[in-house]
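Peer 1: As numbered in our numbering, residues 194 to 619 make up the sequence shown, in order.
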Amino acid sequence: MNITGIKGMNDILPGEIATWQFLEQEAHRIFQTYGFTEIRVPVVEKTELFCRSIGETTDIVEKEMYTFSDKSGNSLTLRPEGTAPVMRSFIQQKLHAQDPVSKLYYMGPMFRYERPQKGRYRQFHQIGVEALGVDDPKIDAQILAMLCDYFNSVGIDDVELHINSLGCKECRPAYRQALIDYLQDRLGELCSDCQRRSQTNPLRVLDCKVPACQDATVTAPSMLEHLCGDCDDHFKQVKDYLQGLGIDYTVNARMVRGLDYYSKTTFEMVTGSLGSQNAVAAGGRYDGLIADLGGPALPGIGFAMGVERLVLMKSADQLAEQRLPLFLAAMGQQASDRAFLLMATLQRQGLRVEMEYSSKSLKAQMRRAGKFGARFVLILGEEELARQMVVLRDMDAGTQQELSLVGLEERLLELLNETEPEPVAG
Ligand code: ATP
Ligand code: MG
Numbered sequence: 194m195n196i197t198g199i200k201g202m203n204d205i206l207p208g209e210i211a212t213w214q215f216l217e218q219e220a221h222r223i224f225q226t227y228g229f230t231e232i233r234v235p236v237v238e239k240t241e242l243f244c245r246s247i248g249e250t251t252d253i254v255e256k257e258m259y260t261f262s263d264k265s266g267n268s269l270t271l272r273p274e275g276t277a278p279v280m281r282s283f284i285q286q287k288l289h290a291q292d293p294v295s296k297l298y299y300m301g302p303m304f305r306y307e308r309p310q311k312g313r314y315r316q317f318h319q320i321g322v323e324a325l326g327v328d329d330p331k332i333d334a335q336i337l338a339m340l341c342d343y344f345n346s347v348g349i350d351d352v353e354l355h356i357n358s359l360g361c362k363e364c365r366p367a368y369r370q371a372l373i374d375y376l377q378d379r380l381g382e383l384c385s386d387c388q389r390r391s392q393t394n395p396l397r398v399l400d401c402k403v404p405a406c407q408d409a410t411v412t413a414p415s416m417l418e419h420l421c422g423d424c425d426d427h428f429k430q431v432k433d434y435l436q437g438l439g440i441d442y443t444v445n446a447r448m449v450r451g452l453d454y455y456s457k458t459t460f461e462m463v464t465g466s467l468g469s470q471n472a473v474a475a476g477g478r479y480d481g482l483i484a485d486l487g488g489p490a491l492p493g494i495g496f497a498m499g500v501e502r503l504v505l506m507k508s509a510d511q512l513a514e515q516r517l518p519l520f521l522a523a524m525g526q527q528a529s530d531r532a533f534l535l536m537a538t539l540q541r542q543g544l545r546v547e548m549e550y551s552s553k554s555l556k557a558q559m560r561r562a563g564k565f566g567a568r569f570v571l572i573l574g575e576e577e578l579a580r581q582m583v584v585l586r587d588m589d590a591g592t593q594q595e596l597s598l599v600g601l602e603e604r605l606l607e608l609l610n611e612t613e614p615e616p617v618a619g
């Protein structure tokens, strides 16, 4: 029997974990600097939460959800995104009663039944933020600044920030109708998905990836020309604040988002380096969502980044692995037991140490030390131990010295703290 994992659901292996941990740690650090706090919500929710928030006619709800019945017959869904569960929690736990402004972030796996390909998986990971309770366009600009700050600090620069406004429930209906009328005259040129969408979700036609649909909509009316006074003013202020903060952006009037709950500001971080999986992060304002889900009428804005896509962009310049400071090579049972104790003592002092667990020749142990890129190797030989001595080999200098067993731990810690750990070359 050979049981394999599920198609589109990947293992994250030790060789790539440094990149993942780095991307996560930078998110913790930067988001906390901007006053955001982590929230952790379950990976499973009632199906209706996603239908109500994301929208019945979206790709996610129509065809991408992992939905199943539990043993009591409740319809449950593996979360396809993070905003709906966070809003559910925010409302249920009455977080707004503790503070009128909530700035939250989350990270973890999401699930969508999509066709797996590079940058698109069935279990994938998002890091996302939500700022709730602020209407002012300052928060839109701040969130975008934080997003740019994140990309800078993780060293991904092959990205562009695209922004747009999707209007609100005052101005979008008229635009939607104008778009439906426009598409009506060009139905024959659209793909079968878009022929259907042109009635149910016409805005989505604008970001269809089929070239014929893109050609057919080149002259489509733009939301930006239909914004009401309030939305127009909000968008202007966002752009002014971005300019004030020195943040480069492109206004992309064709950018719509695949989820129904967005209003006003929407944005994407796009890259040219991932083929059609070109959005690395995406988000926007969702002023009606909390009330739609039965909560107070509070505005919100957030984004989510796809971690797999960040990792793909980062892997070109892999994070340098840290060299092992010290490897213990022991010859014989007694020496090996002594090395084992020494390793434990040094590890308790916070030093990274490795040894060979089973008995191997010195040559084999030196090979293993080489594999770790060890800076120093401490050789515990029977003959030296009998004299209460050990040999410390400096792997870079190719020199070695004898050290006394008396006060060995202190001497080693001293020596190793003097030597800066450097990354493995190459
Ligand atoms: P796309 O247009 O690529 O399908 P989306 O609009 O469905 O993206 P969102 O729902 O806005 O994506 O999710 C935010 C981010 O999560 C995306 O920008 C992307 O980086 C990532 N993402 C979305 N779906 C997947 C997936 N199936 N596999 C890997 N990452 C994904
Ligand atoms: Mg999608």
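Glycine included, C-beta positions come from ideal geometry on N, C-alpha and C.
(1) Using only the alpha-carbon positions, how far apart do Asp252 and Gln542 sit?
(2) Please work out which residues of its chain come closer than 6 Å, Cβ to Cβ, to Ala523, disregarding the five sequence neighbours upstream and downstream, and give them in chain order.
(3) According to the Cβ coordinates, are His318 and Pro302 closer than 8 Å?
(4) Would you please state the rounded distance, in angstroms, between the beta carbons of Tyr442 and Ile356? I believe it to be under 8 Å.
(5) Select from Lys507, Glu307 and Gly275 the residue whose C-alpha is nearest the C-alpha of Ala497.
(6) Say yes only if the C-beta of Tyr306 is nearer than 7 Å to one or more non-hydrogen atoms of the ligand ATP, and no if none qualify.
(7) Within a Cβ cutoff of 8 Å, which residues of the same chain sit near Ala405, ignoring the five residues on either side of it in sequence?
(8) Can you give me the C-alpha to C-alpha distance between Trp213 and Ala371, rounded to a whole angstrom?
(9) Just checking Ala472 against the ligand ATP - is the residue's beta carbon closer than 7 Å to any of the ligand's heavy atoms?
(10) Just the C-alpha distance for Met258 and Ser282, rounded to the nearest angstrom, thanks.
(11) On a CA-only basis, which of Gly451, Ser551 and Gly321 is nearest Thr393? Give me that one, please.
(12) Of the residues Glu611, Asp587 and Met582, which one's Cα is nearest the Cα of Ser597?
(13) Quick test of the definition: if touching needs 3 or more C-beta pairs under 8 Å, does the region 485–501 touch the region 304–323?
(14) Keeping to the same chain, check which residues put their C-beta closer than 8 Å to that of Ile223; ignore five residues upstream and five downstream.
(15) From Ile373 to Leu438, what distance separates their C-alpha atoms?
(16) Please work out which residues of its chain come closer than 6 Å, Cβ to Cβ, to Asn445, disregarding the five sequence neighbours upstream and downstream, and give them in chain order.
(17) Pop quiz: Leu521 and Met559 are said to be a contact at Cβ under 8 Å. What is the actual Cβ separation, rounded to whole angstroms?
(18) Over the uninterrupted beta strand (DSSP E) stretch that includes Asn357, give me the two end residues.
(19) According to DSSP, is Pro273 part of a helix, a strand, or is it coil?
(20) Let's test the definition: count the other Cβ atoms within 10 Å of the Cβ of Met448 and tell me whether it reaches 16, buried, or not, exposed.
(21) May I ask you to check if the CB of Tyr314 is nearer than 7 Å to at least one heavy atom of the ligand ATP?
(22) Out of Met202, Pro207 and Leu271, state which residue places its alpha-carbon closest to the alpha-carbon of Val236.
Peer 2: Concretely, from the data shown:
(1) Inter-residue distance for Asp252 and Gln542 is about 53 Å (C-alpha atoms, whole angstroms).
(2) Cβ neighbours of Ala523 beyond the five flanking positions: Ser529, Ala532 and Leu573.
(3) In this structure, Pro302 lies closer than 8 Å to His318 by Cβ.
(4) Right, their Cβ atoms sit about 5 Å apart.
(5) Minimum Cα distance to Ala497 is reached at Gly275.
(6) Incorrect: Tyr306 has no Cβ contact closer than 7 Å to the ligand ATP.
(7) When the five nearest sequence neighbours on each side are left out, the beta carbons in the same chain lying within less than 8 Å of the beta carbon of Ala405 are those of Glu382, Leu383 and Cys384, in order along the chain.
(8) Cα to Cα, Trp213 sits roughly 45 Å from Ala371.
(9) Shortest gap from the CB of Ala472 to any heavy atom of the ligand ATP: under 7 Å.
(10) Looking at the two C-alpha atoms, the distance is approximately 20 Å.
(11) Distances from the CA of Thr393 to each of Gly451, Ser551 and Gly321 were compared; the closest alpha carbon is that of Gly451.
(12) Selected option, being the one with the closest Cα: Met582.
(13) Contact holds: three or more Cβ-Cβ distances are below 8 Å.
(14) Answer for Ile223: Met339, Asp342, Tyr343 and Ser346, listed in chain order.
(15) Rounded to whole angstroms, the gap between the alpha carbons of Ile373 and Leu438 is 38 Å.
(16) His355 and Asn357.
(17) The Cβ separation is near 12 Å, so there is no contact.
(18) Membership of Asn357 in the beta strand (DSSP E) is indicated by the continuous run Glu353 to Ser358.
(19) Note: Pro273 maps to coil in three-state DSSP.
(20) Buried.
(21) At least one heavy atom of the ligand ATP lies less than 7 Å from the C-beta of Tyr314.
(22) When only C-alpha atoms are compared, the closest one is Leu271.
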